[in-house]
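*Asks:* Quick note on UniProt numbering: the sequence shown kicks off at 1 and runs consecutively.
Here's a structure for you.
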Amino acid sequence: MGASIGGFVVQNGNGGNTLLLSCLKNLKGSLVNSMPNLNQIEALVQTYSPMVYFHPSEPYLPSSVDWFFQNGALLYHKGDESNPSPIDPNGSNLPQGGSNDDTYWLDLPKDDSSKQRVKKGDLQDASSYFHVKPMYGGLFTDIAIWLFYPFNGASRAKVEFINISLGKIGEHVGDWEHVTLRISNFNGELNRVFFSQHSWGTWVSASSLEYANGNKPVVYSSLNAHSSYPKPGLVLVGGPSGANIGLRDDTAKGGQVMDTGVRAVVVSAEYLGSVVVEPPWLNYERKWGPKIDYDLDKEINKVEKIMIGKLKNVFDKFVKSIPREVLGEEGPTGPKVKNSWAGDEMA
């Protein structure tokens, strides 16, 4: 991403004379000259690494990727589903590159006790994974901080005055969530933070953030879905504008908390060349969970049995308008497959 080329009008704060400036294209500029080296990255991480607060009722916490692999996660291959493979701790036996062609996918352990245990994650072992990249021609450094959750819980909805559990809707194995720090390369100051929420998100300026332990931005992770927000409370997702209907994203302080700088791992900084070696699991570009087979209409009918009057029709129309990625019928792809990996965030 580069700065826009063209003319800009600059005016001082007292309403004085204006000055026309031009932004010219750098022909032989090097991003490395303006970007942080590895030691500087580590200093930025320790200074600005967010504090993530989980909802007091959150059952599904993050883990490290190697914990997930070492605790029974399995690799499945289409056509050989009865013979899944255990996964090496760093993912070295995962297929590399390619495309998300439904040929491979990951899943939880087979036995139920291990499956239920792994679903819950392990916060004490959880790592945060950092991707560092230049933005706007090296004017800024973007640091995307990724957390991995072995399981994403079921969605809940609010329809007017009724709160509804949606059964299996929203559940899926493997959940990748992130926030992004945008840091000025002129002075090393935090400029803004991107909070990812499902397939989109929100930029918040540094002056509007809540902080903890000095300069660390506070992030609130929503119950079950793990979307990121700058403030606690209730956000309704997917409903018509102004209507009191939507999927509930509930956040609150009072549960467990994760300092993302404690077990921080820089997994990618392409502009540094071979200085940062990407782990094999990062280049696994298939799904981190299986397709969950459930009858959406059947799940909706279960919920509608407790609803009255016109609320049934309102709810049915609302649920069927929600994107598939929000409903969670399939496990997600990993960080490197996301559109924001090589570009800007989708706000």
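We put the beta carbon where it would ideally sit given N, CA and C, even for glycine.
#1: Find out if the Cβ-Cβ distance for the pair serine 49, threonine 260 is shorter than 8 Å.
#2: Over what stretch of residues does the beta strand (DSSP E) that includes asparagine 163 continue unbroken?
#3: Report yes or no: do three or more beta-carbon pairs, one from the stretch 93-113 and one from the stretch 64-78, lie closer than 8 Å?
#4: Compare the beta carbon distance of valine 266 and isoleucine 41 with 8 Å and say whether it is the shorter of the two.
#5: Tell me the DSSP bridge mates of proline 86?
#6: Does DSSP classify aspartate 80 as helix, strand or coil?
#7: Alpha carbon to alpha carbon, how far is alanine 126 from arginine 263? Give it in angstroms, no decimals.
#8: For tyrosine 104, does the three-state DSSP call read helix, strand or coil?
#9: Quick one: what does DSSP say isoleucine 245 is sitting in, helix, strand or coil?
#10: Buried or exposed: phenylalanine 186, going by 16 or more other Cβ atoms within 10 Å of its Cβ?
#11: Quick one: Cα of proline 230 to Cα of histidine 198, how far?
#12: Let's test the definition: count the other Cβ atoms within 10 Å of the Cβ of alanine 243 and tell me whether it reaches 16, buried, or not, exposed.
#13: Tryptophan 200 to glycine 331, Cα distance in whole Å?
#14: How big is the Cα-Cα spacing for tyrosine 136 and asparagine 152?
#15: Among Leu181, Gly254 and Ser34, which one has its Cα closest to the Cα of tyrosine 129?
#16: Pick from Gln96, Ser274, Asn83 and Leu123: whose alpha carbon is nearest that of aspartate 107?
#17: Can you give me the Cβ contacts of leucine 282 inside the same chain, cut-off strictly under 6 Å, excluding the 5 residues immediately before and after it?
#18: Would you list, in sequence order, the uninterrupted beta strand (DSSP E) runs of no fewer than 3 residues that lie entirely inside the stretch 30-65?
#19: When the Cα of phenylalanine 54 is compared with those of Asp249, Lys317 and Val277, which residue comes out closest?
#20: In whole angstroms, what separates the C-alpha of proline 279 from that of aspartate 316?
#21: Which partner residues does aspartate 142 have in the DSSP bridge list?
#22: For glycine 233, I'd like the list of residues in its chain whose CB is within less than 7 Å of its CB, leaving aside the five on either flank, ordered along the chain.
#23: Within its chain, find whatever has a CB closer than 7 Å to the CB of glycine 154; leave out the 5 residues flanking it on each side and keep chain order.
#24: Nearest-angstrom Cα distance between isoleucine 292 and asparagine 39?
#25: Is it true that the CB of phenylalanine 148 sits closer than 8 Å to the CB of proline 217?
#26: In angstroms, rounded to a whole number, what distance separates the CA positions of valine 52 and glutamate 58?
#27: Straight-line CA distance for arginine 117 to lysine 302?
#28: With distances taken between CB atoms, is the gap from alanine 342 to valine 132 smaller than 8 Å?
#29: Does the beta-carbon of proline 86 have 16 or more other beta-carbons within 10 angstroms, so that it is buried, or is it exposed?
#30: Determine the extent of the beta strand (DSSP E) in which lysine 158 is found, giving its start and end residues.
*Replies:* This is what the structure gives:
#1: yes
#2: 162-165
#3: yes
#4: yes
#5: Leu74
#6: coil
#7: 7 Å
#8: strand
#9: strand
#10: exposed
#11: 15 Å
#12: exposed
#13: 17 Å
#14: 34 Å
#15: Leu181
#16: Asn83
#17: Val267 and Lys336
#18: 51-54
#19: Asp249
#20: 43 Å
#21: Lys133 and Arg182
#22: Thr251
#23: Glycine is not the amino acid found at residue 154; the sequence shown has alanine there. Answer for alanine 154: Ser165, Leu166, Gly167, Lys168, Ile169, Gly170, Glu171 and Asn224, listed in chain order.
#24: 43 Å
#25: no
#26: 13 Å
#27: 28 Å
#28: no
#29: exposed
#30: 156-159
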